[in-house]
Each structure stands twice: as C-alpha cells, then as structure tokens.
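J.: Residue numbers (the working numbering), protein chains in the order written: chain A, 1 to 219; chain B, 220 to 438. Ideal Cβ placement from N, Cα and C applies to all residues, glycine included.
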DNA sequence: TAGATTGTTAATCGATTAACAATC
DNA sequence: TAGATTGTTAATCGATTAACAATC
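(1) So, does the CB of residue 82 of chain A fall closer than 8 Å to a CB anywhere in chain B?
(2) How many angstroms separate the CA atom of residue 258 of chain B from the CA atom of residue 325 of chain B?
(3) Of the choices A:184, A:178, A:189, whose alpha-carbon is the least far from that of residue 236 of chain B?
(4) Let me confirm a value: residue 211 of chain A is counted as buried when at least 16 other C-beta atoms fall within 10 Å, else exposed. Which label applies?
(5) Looking at the strands, I want to know which residues DSSP matches up with residue 408 of chain B.
(6) By Cβ distance below 7 Å, which residues in the same chain neighbour residue 309 of chain B in space, the five residues on each side in sequence not counted?
(7) Compare the C-alpha of residue 58 of chain A against each of A:69, A:70, A:29, A:45 and name the closest.
(8) Measure from the alpha carbon of residue 123 of chain A to the alpha carbon of each residue in A:175, A:112, A:197, A:138, then state which is nearest.
(9) Run down chain A in chain order and give the residues with a C-beta less than 9 Å from the C-beta of residue 364 of chain B.
(10) Does the Cβ of residue 49 of chain A have 16 or more other Cβ atoms within 10 Å, making it buried, or fewer, making it exposed?
(11) Return yes when the Cβ of residue 176 of chain A is within less than 8 Å of the Cβ of residue 153 of chain A, no when it is not.
(12) Taking Cβ to Cβ, would you say residue 425 of chain B is nearer than 8 Å to residue 32 of chain A?
(13) Which of the residues in the region 372 to 405 of chain B, read from start to end, lie with their CB under 7 Å from any CB of chain A?
(14) State yes or no: is the beta carbon of residue 337 of chain B nearer than 8 Å to at least one beta carbon in chain A?
(15) Rounding to the nearest angstrom, what Cα-Cα distance links residue 417 of chain B and residue 281 of chain B in this structure?
(16) Would you say residue 114 of chain A reaches chain B, if we count a Cβ-Cβ gap shorter than 8 Å as a contact?
(17) Just to check my reading of the structure: residue 242 of chain B and residue 304 of chain B have Cβ atoms closer than 8 Å, yes? What is that Cβ distance to the nearest angstrom?
(18) Between residue 22 of chain A and chain B, is there a C-beta pair that is closer than 8 Å?
(19) Whose Cβ in chain B lies nearer than 7 Å to the Cβ of residue 9 of chain A?
(20) Does any residue of chain A have a CB that is nearer than 8 Å to the CB of residue 236 of chain B?
(21) Does any residue of chain A have a CB that is nearer than 8 Å to the CB of residue 314 of chain B?
(22) Between the alpha carbons of residue 208 of chain A and residue 401 of chain B, how many angstroms are there, rounded?
(23) Let me see if you follow: with CB-CB separation under 8 Å, is residue 271 of chain A close to chain B or not?
(24) Can you list the alpha helix (DSSP H) stretches of 4 or more residues lying completely in the region 12 to 79 of chain A, in chain order?
(25) Going by CA-CA distance only, name the one from B:361, B:360, B:351 that's closest to residue 379 of chain B.
(26) Quick one: list the residues of chain A neighbouring residue 296 of chain B, beta-carbon separation under 7 Å, in chain order.
(27) Determine whether the Cβ of residue 259 of chain B lies closer than 8 Å to any Cβ atom of chain A.
(28) Would you decide whether residue 279 of chain B is buried or exposed? Buried here means 16 or more other CB atoms lie within 10 Å of its CB.
(29) Let me make sure I understand the geometry here. Which of B:363, B:229, B:392 has the alpha-carbon closest to that of residue 191 of chain A?
(30) Assuming the contact rule is C-beta atoms closer than 8 Å, residue 367 of chain B and residue 315 of chain B should be a hit. Round their C-beta distance to whole Å, please.
(31) Express the C-alpha separation of residue 14 of chain A and residue 46 of chain A in angstroms, rounding to a whole number.
(32) Under 8 Å between beta-carbons, which chain B residues line up against residue 194 of chain A? List them in chain order, please.
(33) In the DSSP assignment, find the beta strand (DSSP E) that holds residue 104 of chain A and state where it starts and stops.
(34) In chain B, what lies closer than 7 Å to residue 102 of chain A by C-beta?
(35) Which same chain residues end up closer than 8 Å to residue 157 of chain A when comparing Cβ atoms and leaving out the 5 residues on each side of it in sequence?
(36) Give the secondary structure of residue 205 of chain A by DSSP, where H, G and I count as helix, E and B as strand, and everything else as coil.
Following this line, the structure appears as structure tokens:
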C-alpha cells in the first residue's frame, strides 16, 4: 500500500464525492480539468493525487466516472462497515448520530453513551443510551473499531482512555482538547472553534465594511 | 499586519485556548516546552508561530500567560463581536446555535433562517426562525459580516449567493459541497465527512484487529 | 556565574505547480 | 492525422525542524 500524504488523502475523498454525484447524474467520463473546475483545484494536482489509487485515466479521453469512483471507494474503505460508539449525547452528538450522510460512507453507530443519569435509558432512534460505565465492556464485546467523542472537553480524555484501553483503533474527536493517545491509535480532531478563529482573523484583517473598527483599525 | 501562514494561524488559536485554561488555573508563566507538551507540538514551532504576534517571551523565563493570552486575543480578533446569521436550522444548526463555547470567542448569532415553512416562525432560544426570503434584507440592514451555512448541500450554493450579494464578508460552511464565491469573501469549510473518510482509510490500513473482512460482519 | 529559554537563521522536508513526452 | 489529456519528472514553493547566539 503506497503511502498517501494527508492533504492528498483528504482530496481523494472530495473526488469520490464528486464522482458519486457525477455518476448519479449520468456522466460517464470526466477529465481532471472538469474536476478541477468543480472543486476549485489544480488539474495537475488532481492527476497527481489520483496516481495514489492506481491508473485509470486515458489520454485524450479522461477518467471513467464509475471506474474511478469504485476504485476510490475501495482505496478509502468507504464501502466497509465501520461500527462506532458515540459518547456524549448532546446536541452535536445527536446531530452526528442522526445525519444520514455518514451512513453512505459506511458509518454505523451501534452504541450511544452518556454520563448524565437523566439521559441514560432514553431511547434515541431505536437505540437506548447507555451508561458510560458500560463503554469499555461494550467495545470489547462488540469489537468496535471506532469511537466518536462528543463529550465536553473536561471528560474527553477520560473517555478516550476507556476507549483505548478497550482496544479501539480510531477516534473521531469533537471535544476542543488535545487528547493523549498511543501513537498506534489514529485520531481525527474536528475542532470547530479553529474555524471560527480563522474566520475571525480574516474578518478583522480584510477590511469588511460590516465590521465596525474599534479603534486600532486603519491598514 | 504581517501575513500569517494558515497552519500557523490555526495553531495560534490552540495556544490561545491553552493560555486561557492556564490562566484560569492560576498559572502565571509558561514555556514553549510546556506548551508543546500539552499540545503535542514542537516547541520550536510554537516559538516561531508566536513571532507572528509580537514579542513576549523572556529567555530563561518563558511567556507571561496573561500577556500572551491578551496579545493572541487581539491578533485573532477573538474579543470582537462577530454577528452572524445561521441558515438551515436542522440538528447541526441547532447544535452550533446553542453551543455556548463559541460565544466566548465573540460569536453572536442574531438571525436564524430556514426554508422549511413548518420551521419558520418557531422560537428557538429567544429567536424566531425567519424565512430564507428575508435573508438578504436582514444581512444588509443589520450589516451582518458572517454567514453560517448548515443547510443541505443542494441549497448551500443558493444560500451563499444570497449572502454574498447582501455584502457578507465571511462564510462558515458546513454543507458538504464546494461553494463558488468571489475571492474577496473568506470561506471556511467544515467538511465533517472528510474526517470520517480519513479515519476510514486509517482503519483499513492499520491492521485494526476489530476490523474484519466484510463477510464476517454479515448477520 | 551557570543554565534555561528565547528569537532567528539555516537546513531539511514535503507538497504544489509547471512542463512535457506519451498516448489515444 | 491533429489535438486533447494523461502520468511523471523536475522546479518551485512553503512549512517544519534543527541549531545556536543572545539573553536574563
């Protein structure tokens, strides 16, 4: 398995989603130039990225939409079932749990957990929220490879420790905190506040007329 | 205003949040080594990043927690009020709207919009959900600098067009689609499915014992 | 002082972009 | 064929890491 640079890996998924949409739209062939237009990316970069997943393009023609789509699905493992537990059934947790878009890529949330006794026992979309005390045992027994943390920052590390101890392989972390995990565990931080912070910086440095300069703004 | 590379800008926010926590914890001084330990980053990188926001460290001593925190707050504009509209009051939209963590960094969502007539008129946390037809006028009148899109992919571009036309300066996009906007508009895509896809790839390429060939999983 | 830590310069690393021969 | 598009190599760009003099 050829190593794929992280930025390229993320783009591969964008290509996959684009191809899925093109396929549903009845398109048979697509060129790197056309993909670049739709995704606002350099066609050369797209071609380069696609070399990480085998060769499919034909000079003068372009890429077969369905073939490339299937190849990407295989490479990214999007066709595999990925069972997961979700810990922290707040609004964000519920949003992720109920979002059908992830199921298309193989995500199956098979266990909901919370530490709040008023939530434990509630039924949500056919699943009963369990006490966090049962988390480790559940992961071990069901051999759950993926953990989703939508718990508050204060308890996120504790949750991660339980998951790791129970043998989980990957963590999707939405808590705004840097988790300490062994390096064989793969972790993805969706730190939404970072996005807000970068937009904040852009706003005050872009001369937006709708932002009222406090006193220090003049360049 | 010195230009700040994007990855450095994102880390600056991590430093800010760390300092906020250290400050609340009563810490007065912190070194780049200590920050590196807590954030799992190279101390040299931290020192380098911090040069983008003025000089604060003292050799042999470290950084003054409060001073550096305040400086970062100013640089990132986190103390400024950032008024925003949110379009698409589904579960994710509600999660973002009701998350108090963003308010700490200056976010103020002052308008909720949806195209679903059964939602328009409902009251949510003191605000009435408005019809998307009023979006442009609202932005113009209130001079709203920031738009948050939590609408479905299919309508996201249309929403963005209205926002841009009304003079919005920045867009925080949660819809899984590449939006076309003029290049003077700053945009941040929080494409959560990318995270899932990278974890998916990691799972199938890391030899996770809890991941089995698909046929074993059928039941 | 002696030692720890900064800010900065230089070296390394990795990713993007450009160029173009090969190809259909 | 002529022309468009690929895959790949080389050049460029930018970010990270290493090294170390300056400093308190």
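T.: Inspection of the coordinates gives the following:
(1) Sequence index remark: in the first chain, residue 82 of chain A carries index 82 (1-based). Cβ-Cβ to chain B under 8 Å: yes for residue 82 of chain A.
(2) If you number the second chain from 1, residue 258 of chain B lands on position 39. If you number the second chain from 1, residue 325 of chain B lands on position 106. Cα to Cα, the separation comes out at about 23 Å.
(3) On the second chain, residue 236 of chain B is found 17 positions in, with the first residue counted as 1. When only C-alpha atoms are compared, the closest one is A:178.
(4) By 1-based counting over the first chain, the position of residue 211 of chain A is 211. Result: buried.
(5) Looking up residue 408 of chain B in the second chain gives position 189. For residue 408 of chain B, which the question treats as bridged, DSSP gives the partners B:392.
(6) Residue mapping note: residue 309 of chain B aligns to position 90 of the second chain, counting from 1. Once the five neighbours on either side are set aside, the close Cβ partners of residue 309 of chain B are 369.
(7) If you number the first chain from 1, residue 58 of chain A lands on position 58. Checked all of A:69, A:70, A:29, A:45; the closest Cα to residue 58 of chain A is A:29.
(8) As a first step, residue 123 of chain A must be located in the first chain, where it is residue number 123. Minimum Cα distance to residue 123 of chain A is reached at A:112.
(9) The residue given as residue 364 of chain B occupies position 145 in the second chain. Here the neighbours are 203, 208, 209, 210, 211.
(10) Locating residue 49 of chain A in the first chain gives position 49, counting from the first residue. Per the 10 Å Cβ criterion, buried.
(11) Looking up residue 153 of chain A in the first chain gives position 153. Looking up residue 176 of chain A in the first chain gives position 176. Yes, these two residues count as a Cβ contact at 8 Å.
(12) Position 206 of the second chain, counted from the first residue, corresponds to residue 425 of chain B. Position 32 of the first chain, counted from the first residue, corresponds to residue 32 of chain A. Cβ atoms of residue 425 of chain B and residue 32 of chain A: not closer than 8 Å.
(13) 386, 388, 389, 391, 395, 397, 405
(14) Here residue 337 of chain B corresponds to residue number 118 of the second chain, with the count starting at 1. No, residue 337 of chain B lies away from the interface with chain A (no Cβ there is under 8 Å from its Cβ).
(15) Translated into the one-based positions of the second chain, residue 417 of chain B becomes position 198. Translated into the one-based positions of the second chain, residue 281 of chain B becomes position 62. Taking the straight line joining both Cα atoms gives about 37 Å.
(16) Here residue 114 of chain A corresponds to residue number 114 of the first chain, with the count starting at 1. Residue 114 of chain A does not count as touching chain B.
(17) If you number the second chain from 1, residue 242 of chain B lands on position 23. If you number the second chain from 1, residue 304 of chain B lands on position 85. About 32 Å; that fails the 8 Å criterion.
(18) Taking the first residue of the first chain as 1, we reach residue 22 of chain A at position 22. Taking Cβ atoms only, chain B never reaches closer than 8 Å to residue 22 of chain A, which makes this a no.
(19) As a position in the first chain, residue 9 of chain A is number 9, starting the count at 1. Within chain B, the residues near residue 9 of chain A are 417, 420.
(20) Position 17 of the second chain, counted from the start, is the residue given in the question as residue 236 of chain B. With 8 Å as the cut-off, residue 236 of chain B counts as an interface residue toward chain A.
(21) Along the second chain, one-based indexing puts residue 314 of chain B at 95. For residue 314 of chain B, the answer is yes, since a Cβ of chain A falls inside 8 Å of its Cβ.
(22) Within the first chain, the letter at position 208 stands for residue 208 of chain A. Within the second chain, the letter at position 182 stands for residue 401 of chain B. C-alpha separation (whole angstroms): 14 Å.
(23) No answer is possible for residue 271 of chain A: the residues shown for chain A start at 1 and end at 219.
(24) 32 to 39, 43 to 50, 65 to 76
(25) If you number the second chain from 1, residue 379 of chain B lands on position 160. If we check each option's Cα against that of residue 379 of chain B, B:351 comes out closest.
(26) Locating residue 296 of chain B in the second chain gives position 77, counting from the first residue. Ordered by position in chain A, the residues that pass the 7 Å Cβ test against residue 296 of chain B are 200, 201, 203, 204.
(27) Within the second chain, residue 259 of chain B is the residue found at index 40, counting from 1. So, interface residue.
(28) Within the second chain, numbered from 1, the residue matching residue 279 of chain B stands at position 60. Its Cβ having fewer than 16 others within 10 Å, residue 279 of chain B is exposed.
(29) Position 191 of the first chain, counted from the first residue, corresponds to residue 191 of chain A. Nearest of B:363, B:229, B:392 to residue 191 of chain A, Cα basis: B:229.
(30) Counting from one through the second chain, the residue named residue 367 of chain B turns up at place 148. Counting from one through the second chain, the residue named residue 315 of chain B turns up at place 96. The Cβ separation is near 7 Å, so the contact holds.
(31) In the first chain, the residue the question calls residue 46 of chain A occupies position 46. In the first chain, the residue the question calls residue 14 of chain A occupies position 14. In a straight line, the C-alpha of residue 46 of chain A is about 10 Å away from that of residue 14 of chain A.
(32) Walking along the first chain from the start, residue 194 of chain A turns up at place 194. Neighbours of residue 194 of chain A on chain B, chain order: 229, 232, 233.
(33) Translated into the one-based positions of the first chain, residue 104 of chain A becomes position 104. Neither: residue 104 of chain A is in no beta strand (DSSP E) and is coded neither H nor E.
(34) Numbered from its first residue, the first chain carries residue 102 of chain A at position 102. Simply 412, 415.
(35) Mapped onto the first chain, residue 157 of chain A falls at position 157. Same-chain partners within the cutoff: 177, 179, 180.
(36) Translated into the one-based positions of the first chain, residue 205 of chain A becomes position 205. Reduced to three states, the DSSP call for residue 205 of chain A is helix.
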